[in-house]
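A.B. asks:
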């Protein structure tokens, strides 16, 4: 049983605030990913949950117990560190058995646990080796093994894949999910890689500058980002933004720039009508943009004209980066469409694909 | 140009050593000659032989020194390791000032500590004893040992210790079972430094030990070979040469692990 509840958690280092007012509820056996750019406070939050850091304010609850003053050793957690933190002077077997020995299990039981876990992670042949004799991927498995062999209630992972090459990373993503299902622990996973977050998390917590911006399923975050930061952070390539003027007339509201024309869906029009702001940011996801010939563009709901800055070929598709006077957009289009840098192009989209954000606060307009 | 600089530095530092060895092989007359010779005209081992055969208990000076210095090295490392661990890893008020005051202690001239130490040892009835000498040696070896071991501990990636905390181990066991095994080369080289420093010490044994039979080598050399009317240079240099050899052995024995200690400190965790 490990529900975790953070209530107004804050952390200061002297004058510097690393975390501000973090409130979060994590269900038993959930796989939650903390994601954000470096310095967003995600690792600090993880270390507070682990008990390796004290909170400056707020409370951390495990189930119905406030663990603010509970020592790391008594929290029933296990952690995988970014650089693995294996004991260099011990064999793989001893690395895994070290925690079990502290719990005074019988040698037979320890052996049974270690071998079962080693089988699960396919590291049985490595048990007698020292960490320095292992490859990065193998060390990663041993670190995972050391964490799960104790069957903890909470399993914490701090950027565990960041030291692996791209190919191994994809493979280990699957392994970690497999392990998570096998051990039935509540898992909290920290990463700066939003692809990892989207592919692994039951729920994702997006953090920036010590604050939690949004908590939701991967689909929630992608489809209904709560603010401009989440919208730009989640998704590759990133969502592009254009600053638009709001023009109110008797017919309703319109968004205007020199290079774009945008019709709004009734719901969006209502949302815009509610604000008193003069300008909004309009965000459009790359896959929602189409490169249209001029004649078809005139009938589109949303039309933006701009100059191609850069074309990136990525295999079956290409990313076309387009600059306008009021912002840049990226379009993901098929390879067959011939696009040249420095040419003027017209991008179109559907009215329902616009994301609107307050220009001052960055909050989504709904 | 570089070769010249190296040659000069070598000559500069090895000349006294050369003079010591050469003089130890000279006859008494030649060693005291007003026209010094660069190498012995009639090389002789008589100075060495007389160290054993002579009236002086040279062998027991040697044993006294080895025993007290070895004990000092062990005591200093045993005390310094937990102190260094606390200074580098624990978080408490005055941690930094305490660390620097230990270092400051090191910067005081030894002579300043002589009188207070003498009085303390007198009160504790430890004057003219090996234990007293070990206490004296440890007082000046300890600050250095603390700071040196501290730097080795700080090179151990903190995650390794945090992993042990999560595995449920209390601090002192983490120190014993995780940190200490990782800094063994550092502990060895620290111990050797303390050992060499104690071995070289002259003023403490001269002050704290009054019975000649309990004296250490450097003090015994000064006390026995220099006289009011004549100094036995050959005998003194032979004894000095023998005094130097264990130091050289100690140094070369740990030199490799010392270098490895520094290097692995930088790269540990990998």
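Protein chains in written order, with my numbering: chain X, -6 to 359; chain Y, 212 to 481. Note that beta-carbon positions come from the ideal geometry of N, C-alpha and C, so glycine has one too. Computed from a predicted structure; not experimentally measured.
1. What's the call for residue 456 of chain Y, buried or exposed, on a 16-neighbour Cβ count within 10 Å?
2. Can you find a CB in chain Y that lies within less than 7 Å of the CB of residue 256 of chain X?
3. Return the CA-CA distance between residue 74 of chain X and residue 371 of chain Y, expressed in angstroms with no decimal places.
4. For residue 351 of chain X, name the three-state secondary structure that DSSP assigns.
5. Check distances from the C-beta atoms of the stretch 371 to 393 of chain Y to those of chain X and list, in chain order, the residues that come in under 7 Å.
6. What is the rounded straight-line gap between the Cα of residue 432 of chain Y and the Cα of residue 100 of chain X?
7. Does the distance from the CB of residue 350 of chain Y to the CB of residue 287 of chain Y come in under 7 Å?
8. Could you work out which residue in Y:415, Y:390, Y:436 is closest to residue 369 of chain Y when comparing CA atoms only?
9. On the three-state DSSP scale, how would you describe residue 253 of chain Y?
10. Spell out whether any CB of chain Y is found under 7 Å from the CB atom of residue 45 of chain X.
11. Would you mind sorting residue 481 of chain Y into buried or exposed? The rule is 16 or more other CB atoms within 10 Å of its CB.
12. Anything in the stretch 308 to 332 of chain Y with a Cβ closer than 8 Å to a Cβ of chain X? List those residues in chain order, please.
13. Which ranges does the alpha helix (DSSP H) cover as unbroken runs of at least 4 residues, wholly within the stretch 381 to 460 of chain Y, from first to last along the chain?
14. For residue 344 of chain Y and residue 353 of chain Y, what's the separation of their Cα atoms in angstroms?
15. Going straight from the alpha carbon of residue 313 of chain X to that of residue 156 of chain X, what length do you get?
16. Does DSSP classify residue 321 of chain X as helix, strand or coil?
17. Go through its chain and collect everything with a Cβ distance to residue 285 of chain X's Cβ below 6 Å, but skip five positions before and after it.
18. Is it the case that the Cβ atoms of residue 173 of chain X and residue 55 of chain X are separated by a distance below 7 Å?
19. Within 10 angstroms of its Cβ, does residue 323 of chain X collect 16 or more other Cβ (buried), or is it exposed?
20. In the DSSP assignment, find the alpha helix (DSSP H) that holds residue 94 of chain X and state where it starts and stops.
21. For the stretch 64 to 90 of chain X, which residues have a beta carbon sitting closer than 7 Å to at least one beta carbon of chain Y?
22. Could you give the first and the last residue of the continuous beta strand (DSSP E) run that contains residue 18 of chain X?
23. Report yes or no: do three or more beta-carbon pairs, one from the stretch 263 to 279 of chain X and one from the stretch 232 to 245 of chain X, lie closer than 8 Å?
24. Inspect the beta-carbon positions of residue 149 of chain X and residue 79 of chain X and report whether they are closer than 7 Å.
25. Counting Cβ pairs closer than 8 Å, one from the stretch 134 to 153 of chain X and one from the stretch 175 to 191 of chain X, do we hit at least three?
26. Grab the span of the alpha helix (DSSP H) containing residue 104 of chain X for me, first residue to last.
27. Is there a Cβ of chain Y sitting closer than 7 Å to that of residue 138 of chain X, yes or no?
28. By DSSP, does residue 76 of chain X sit in helix, in strand, or in coil?
29. Determine the chain X residues that contact residue 368 of chain Y at a beta-carbon separation under 8 Å, and present them in chain order.
30. Would you say residue 95 of chain X faces chain Y, with C-beta separation under 7 Å as the test?
31. Out of X:145, X:254, X:325, which has the shortest C-alpha to C-alpha gap to residue 304 of chain X?
32. Please compile the residues from chain Y whose C-beta is within a distance smaller than 7 Å of the C-beta of residue 92 of chain X.
33. Which residues bound the beta strand (DSSP E) around residue 201 of chain X?
34. Is DSSP giving residue 142 of chain X helix, strand or coil here?
35. Going by DSSP, name the residue or residues bridged to residue 151 of chain X.
36. What is the residue span of the alpha helix (DSSP H) that residue 321 of chain Y lies within?
C.D. replies: For this structure:
1. Translated into positions along the second chain, residue 456 of chain Y becomes position 245. Residue 456 of chain Y comes out exposed.
2. Numbered from 1 along the first chain, position 263 holds the residue referred to as residue 256 of chain X. It does not; no Cβ of chain Y falls within 7 Å.
3. Looking up residue 74 of chain X in the first chain gives position 81. Looking up residue 371 of chain Y in the second chain gives position 160. Going by the C-alpha atoms only, they are around 9 Å apart.
4. Numbered from 1 along the first chain, position 358 holds the residue referred to as residue 351 of chain X. The answer is strand: DSSP assigns residue 351 of chain X an E or B state.
5. 371, 373, 374, 376, 377, 378, 379, 380, 389, 392, 393
6. Taking the first residue of the second chain as 1, we reach residue 432 of chain Y at position 221. Taking the first residue of the first chain as 1, we reach residue 100 of chain X at position 107. Computed Cα separation, rounded: 59 Å.
7. Here residue 350 of chain Y corresponds to residue number 139 of the second chain, with the count starting at 1. Here residue 287 of chain Y corresponds to residue number 76 of the second chain, with the count starting at 1. Result no, Cβ atoms of residue 350 of chain Y and residue 287 of chain Y do not sit closer than 7 Å.
8. On the second chain, residue 369 of chain Y is found 158 positions in, with the first residue counted as 1. That would be Y:390, whose Cα lies nearest to the Cα of residue 369 of chain Y.
9. Sequence index remark: in the second chain, residue 253 of chain Y carries index 42 (1-based). DSSP places residue 253 of chain Y in coil when its eight states are reduced to three.
10. As a position in the first chain, residue 45 of chain X is number 52, starting the count at 1. Yes, residue 45 of chain X counts as interfacial toward chain Y.
11. Numbered from its first residue, the second chain carries residue 481 of chain Y at position 270. For residue 481 of chain Y, the pLDDT reaches just 36, beneath the cut-off of 50, and the residue's location in the model is therefore unreliable, although a value from the coordinates is still provided. Around the beta carbon of residue 481 of chain Y, fewer than 16 other beta carbons lie within 10 angstroms, which makes this residue exposed.
12. Correct list: empty, as no residue qualifies.
13. 382 to 385, 395 to 411, 414 to 419, 428 to 436
14. Looking up residue 344 of chain Y in the second chain gives position 133. Looking up residue 353 of chain Y in the second chain gives position 142. Whole-angstrom Cα-Cα distance: 14 Å.
15. By one-based count along the first chain, residue 313 of chain X stands at place 320. By one-based count along the first chain, residue 156 of chain X stands at place 163. For residue 313 of chain X and residue 156 of chain X, the gap between their C-alpha atoms comes out near 31 Å.
16. Residue 321 of chain X sits at position 328 when you count from the first residue of the first chain. Here residue 321 of chain X sits in strand by DSSP.
17. Reading the first chain from its first residue, position 292 is the one you call residue 285 of chain X. Taken in chain order, the residues that qualify are 339, 341.
18. Indexing the first chain from 1 puts residue 173 of chain X at position 180. Indexing the first chain from 1 puts residue 55 of chain X at position 62. Taking 7 Å as the Cβ cut-off, residue 173 of chain X and residue 55 of chain X do not qualify as a contacting pair.
19. Here residue 323 of chain X refers to the residue found at position 330 of the first chain. With 16 or more other Cβ atoms within 10 Å, it is buried.
20. As a first step, residue 94 of chain X is located in the first chain; it is residue number 101 there, counting from the start. Note, residue 94 of chain X: alpha helix (DSSP H), 85 to 95.
21. 65, 66, 70, 71, 72, 74, 76, 78, 80, 81, 82
22. Along the first chain, read from residue 1 onward, the residue named residue 18 of chain X stands at position 25. 9 to 19 is the extent of the beta strand (DSSP E) around residue 18 of chain X.
23. yes
24. In the first chain, residue 149 of chain X corresponds to position 156, counting from 1. In the first chain, residue 79 of chain X corresponds to position 86, counting from 1. Not in contact: residue 149 of chain X and residue 79 of chain X (Cβ atoms no closer than 7 Å).
25. yes
26. To locate residue 104 of chain X, count along the first chain from 1; it is residue 111. That run of the alpha helix (DSSP H) goes 100 to 113.
27. For the purposes of this step, residue 138 of chain X is taken as the residue at position 145 of the first chain. So no, residue 138 of chain X is outside the interface.
28. Taking the first residue of the first chain as position 1, residue 76 of chain X is located at position 83. It is coil, neither helix nor strand.
29. Looking up residue 368 of chain Y in the second chain gives position 157. Contacts between residue 368 of chain Y and chain X, judged by CB atoms closer than 8 Å, involve 76, 78 in chain order.
30. Residue mapping note: residue 95 of chain X aligns to position 102 of the first chain, counting from 1. Yes - at least one Cβ of chain Y is within 7 Å of the one on residue 95 of chain X.
31. Here residue 304 of chain X refers to the residue found at position 311 of the first chain. Residue X:325 is the option with its Cα nearest to residue 304 of chain X.
32. Locating residue 92 of chain X in the first chain gives position 99, counting from the first residue. Residues of chain Y passing the Cβ test: 378, 379.
33. By one-based count along the first chain, residue 201 of chain X stands at place 208. Looking at the DSSP string, the run of the beta strand (DSSP E) that includes residue 201 of chain X is 196 to 201.
34. In the first chain, the residue the question calls residue 142 of chain X occupies position 149. The answer is coil: DSSP assigns residue 142 of chain X none of H, G, I, E or B.
35. On the first chain, position 158 is the one that residue 151 of chain X refers to. According to DSSP, which records beta bridges pairwise, residue 151 of chain X is partnered with X:183.
36. For the purposes of this step, residue 321 of chain Y is taken as residue 110 along the second chain, with counting starting at 1. Where residue 321 of chain Y is concerned, the enclosing alpha helix (DSSP H) stretches over 321 to 334.
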